[in-house]
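Residue numbering for the sequence shown follows my numbering, starting at 85 and increasing by one per position.
Here a beta-carbon is modelled for each residue, glycine too, at the ideal position from N, C-alpha and C.
Before any comments, here is the structure.
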Amino acid sequence: MTDKLARGIWPALVTPFTDDGNGVATDRVDPLIRHLLDAGAQGFFVCGGTGEGVAMTVDERKAMTEATVASVAGAVPLIFQVGATSTDHAVELARHAAQTGADAVASVAPLDQPNDLHAAVAHYRAIGAATDLPFYVYWIAGTADQSVSAEQYLEAMAAVPNFSGLKFTDSNFYLFQRLVQLGSQHLNLISGPDEICLGGMVAGSDAAIGSTYNIMPKIFLEMRRQFETGDIRSAMALQARANEVISMLFGFGILAAIKAMMGMRGVVVGPPRAPHTPLDENRQADLQKAVDCLGFAVE
Numbered sequence: 085m086t087d088k089l090a091r092g093i094w095p096a097l098v099t100p101f102t103d104d105g106n107g108v109a110t111d112r113v114d115p116l117i118r119h120l121l122d123a124g125a126q127g128f129f130v131c132g133g134t135g136e137g138v139a140m141t142v143d144e145r146k147a148m149t150e151a152t153v154a155s156v157a158g159a160v161p162l163i164f165q166v167g168a169t170s171t172d173h174a175v176e177l178a179r180h181a182a183q184t185g186a187d188a189v190a191s192v193a194p195l196d197q198p199n200d201l202h203a204a205v206a207h208y209r210a211i212g213a214a215t216d217l218p219f220y221v222y223w224i225a226g227t228a229d230q231s232v233s234a235e236q237y238l239e240a241m242a243a244v245p246n247f248s249g250l251k252f253t254d255s256n257f258y259l260f261q262r263l264v265q266l267g268s269q270h271l272n273l274i275s276g277p278d279e280i281c282l283g284g285m286v287a288g289s290d291a292a293i294g295s296t297y298n299i300m301p302k303i304f305l306e307m308r309r310q311f312e313t314g315d316i317r318s319a320m321a322l323q324a325r326a327n328e329v330i331s332m333l334f335g336f337g338i339l340a341a342i343k344a345m346m347g348m349r350g351v352v353v354g355p356p357r358a359p360h361t362p363l364d365e366n367r368q369a370d371l372q373k374a375v376d377c378l379g380f381a382v383e
């Protein structure tokens, strides 16, 4: 597979909500996209975990899809995560994404049948068959069936129409490396965990998709560049720097902190939705102090 859709560093795009969190703020999508494109983003993964897709209605996800496609206007590739509790809803969203201008669709495993490869393949087959777009699996630790080997997984996934790759959000890099070893000729393999992005590169990832790439894409873009030029020590230093920020974020709640930090630089994206807890004024002040202590430019 020489023509792989996802390469480089892709933000897992946050979804901008209204200030009360009750709707998608489509007018906030373009400033967000412009900011990240200016920073060098090489693609976007939309309505995934960071994008709070499963916390949105079908109509809200369609609105986000339309706003994102219109804003990006073909500048970089787009993968839309369409997975939902209902396979029918996932199929509906996949068809809408295709009609709107998506480059590919992806899905998590069935939310009500985690760790069940048979159920996942049935879910994926329906979505993959719904369009002619490349289909990606969004593998998340705790929901994907890890009782199978890489060989068994790829054999089962051969039944899924248009299966083109996966976003691997898991720390089991033995399994990821095996998937790369067995599937890299025909699959687009993407690492997910930001905190071990460099490990994904070493394992052979074509790209990385992550939540903190919304607030520090330049660190990861430079990390990728250093890795590709063979300067592993510099890449390691950048991963360590990124992990200082990530460690700080854990103390505030990753998504709430990312959205607050976007606002700090004038890119307003609203609060996260429940079950995530938005930061109140006191917590935002604490976050600002933590950012200042790190000497982090939020870029």
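- [ ] Classify residue 259 as helix, strand or coil using the three-state DSSP reduction.
- [x] In the sequence shown, counting from the first residue as 1, residue 259 sits at position 175. In this structure, residue 259 counts as helix in the three-state DSSP scheme.
Open item on the list: Extract the residue ranges of the alpha helix (DSSP H) inside the stretch 88-123, only unbroken runs of 4 or more that lie entirely within it.
Closed with: 113-123
TODO: Please go through the same chain and pick out, in chain order, the residues whose beta-carbon is closer than 8 Å to the beta-carbon of residue 325, but skip the five residues on each side of it.
DONE: Within the sequence shown, the letter at position 241 stands for residue 325. Here the set comprises 303.
Task: Per DSSP, the bridge partner or partners of residue 292 - done: Within the sequence shown, numbered from 1, the residue matching residue 292 stands at position 208. DSSP, once it has assigned bridges, lists 93 and 275 as partnering residue 292.
TODO: Determine, using beta carbons only, whether residue 237 and residue 219 come nearer to each other than 8 Å.
DONE: Position 153 of the sequence shown, counted from the first residue, corresponds to residue 237. Position 135 of the sequence shown, counted from the first residue, corresponds to residue 219. Their beta carbons are not under 8 Å apart, which means residue 237 does not touch residue 219 by this criterion.
- [ ] Could you tell me the distance, in whole angstroms, from the CA atom of residue 369 to the CA atom of residue 345?
- [x] For this step, residue 369 is matched to residue 285 along the sequence shown. For this step, residue 345 is matched to residue 261 along the sequence shown. For residue 369 and residue 345, the distance between alpha carbons rounds to 11 Å.
Open item on the list: Between which residues of its own chain and residue 145 is the CB-CB distance below 7 Å, once the five residues before and five after are set aside?
Closed with: As a working mapping, residue 145 is identified with position 61 in the sequence shown. Contacts found: 131, 137 and 177.
TODO: May I ask you to verify whether the stretch 328-345 touches the stretch 358-376, counting CB pairs closer than 8 Å and requiring at least 3?
DONE: yes
Open item on the list: On a Cα-Cα basis, can you pick out the residue from 235, 141 and 366 that is closest to residue 265?
Closed with: Mapped onto the sequence shown, residue 265 falls at position 181. Per the Cα distances, 235.
- [ ] For residue 184, I'd like the list of residues in its chain whose CB is within less than 6 Å of its CB, leaving aside the five on either flank, ordered along the chain.
- [x] For the purposes of this step, residue 184 is taken as residue 100 along the sequence shown, with counting starting at 1. Hits under 6 Å: 149, 150 and 153.
Open item on the list: Here's a check: name, in chain order, each residue in its chain whose Cβ is nearer than 7 Å to the Cβ of residue 109, leaving out the five neighbours to either side.
Closed with: Within the sequence shown, the letter at position 25 stands for residue 109. Result list for residue 109: 100, 101, 102 and 354, in chain order.
Open item on the list: In the DSSP output, which residue or residues are listed as bridge partners for residue 253?
Closed with: As a first step, residue 253 must be located in the sequence shown, where it is residue number 169. Bridge partners of residue 253: 224.
Task: Counted within 10 angstroms of its Cβ, other Cβ atoms place residue 281 as buried (16 or more) or exposed - done: Numbered from 1 along the sequence shown, position 197 holds the residue referred to as residue 281. The residue is buried, with at least 16 neighbouring Cβ atoms inside 10 Å.
- [ ] Please name the residue, chosen from 279, 276, 247 and 256, that lies closest to residue 267 on a Cα-to-Cα basis.
- [x] Your numbering for residue 267 matches position 183 in the sequence shown. Among 279, 276, 247 and 256, the Cα nearest to that of residue 267 is on 247.
- [ ] With a threshold of 7 Å, establish whether the CB of residue 221 neighbours any heavy atom of the ligand NAD.
- [x] Ligands displayed in this structure: none; no statement on the ligand NAD is therefore possible.
- [ ] Could you check what DSSP says for residue 304 in three-state terms: helix, strand or coil?
- [x] The residue you call residue 304 lines up with position 220 of the sequence shown. Reduced to three states, the DSSP call for residue 304 is helix.
TODO: Could you tell me how far apart the beta carbons of residue 217 and residue 174 are, in whole angstroms, since I believe they sit closer than 8 Å?
DONE: Numbered from its first residue, the sequence shown carries residue 217 at position 133. Numbered from its first residue, the sequence shown carries residue 174 at position 90. With 8 Å as the limit, residue 217 and residue 174 do not qualify as a contact, their Cβ atoms being about 13 Å apart.
Open item on the list: Considering only their Cβ atoms, is the gap separating residue 212 from residue 244 smaller than 8 Å?
Closed with: Counting from one through the sequence shown, the residue named residue 244 turns up at place 160. Counting from one through the sequence shown, the residue named residue 212 turns up at place 128. Yes, the Cβ-Cβ distance between residue 244 and residue 212 is below 8 Å.
Task: Cutoff 8 Å; reference residue 327; Cβ partners in own chain excluding five residues on either side - done: Start at 1 with the first residue of the sequence shown, and residue 327 comes out as number 243. So the qualifying residues of the chain are 279.
Task: Neighbour-count burial assignment, residue 229, 16 or more Cβ in a 10 Å radius - done: Residue numbering aside, residue 229 sits at position 145 when the sequence shown is read from its first letter. Under this definition residue 229 is a buried residue.
Open item on the list: For a minimum of 4 consecutive residues, which ranges assigned as the alpha helix (DSSP H) are wholly contained in the stretch 133-216?
Closed with: 142-156, 171-184 and 201-214
TODO: Would you mind sorting residue 180 into buried or exposed? The rule is 16 or more other CB atoms within 10 Å of its CB.
DONE: Locating residue 180 in the sequence shown gives position 96, where the first residue counts as 1. Flag for residue 180 reads buried.
TODO: Output yes or no for whether 8 Å exceeds the beta carbon distance between residue 251 and residue 276.
DONE: Mapped onto the sequence shown, residue 251 falls at position 167. Mapped onto the sequence shown, residue 276 falls at position 192. Cβ distance < 8 Å, so residue 251 and residue 276 count as in contact.
Task: C-beta atoms of residue 169 and residue 195 nearer than 8 Å - done: As a position in the sequence shown, residue 169 is number 85, starting the count at 1. As a position in the sequence shown, residue 195 is number 111, starting the count at 1. Contact flag set, yes.
Task: Closest residue to residue 227 among 292, 91, 253 and 98 (Cα-Cα distance) - done: Taking the first residue of the sequence shown as position 1, residue 227 is located at position 143. Of the listed residues, the one whose Cα sits closest to residue 227 is 253.
Open item on the list: Here's the rule I'm using: 16 or more other beta-carbon atoms within 10 Å means buried, otherwise exposed. How should residue 317 be labelled?
Closed with: What you label residue 317 is simply residue 233 of the sequence shown in a count that begins at 1. It counts as exposed.
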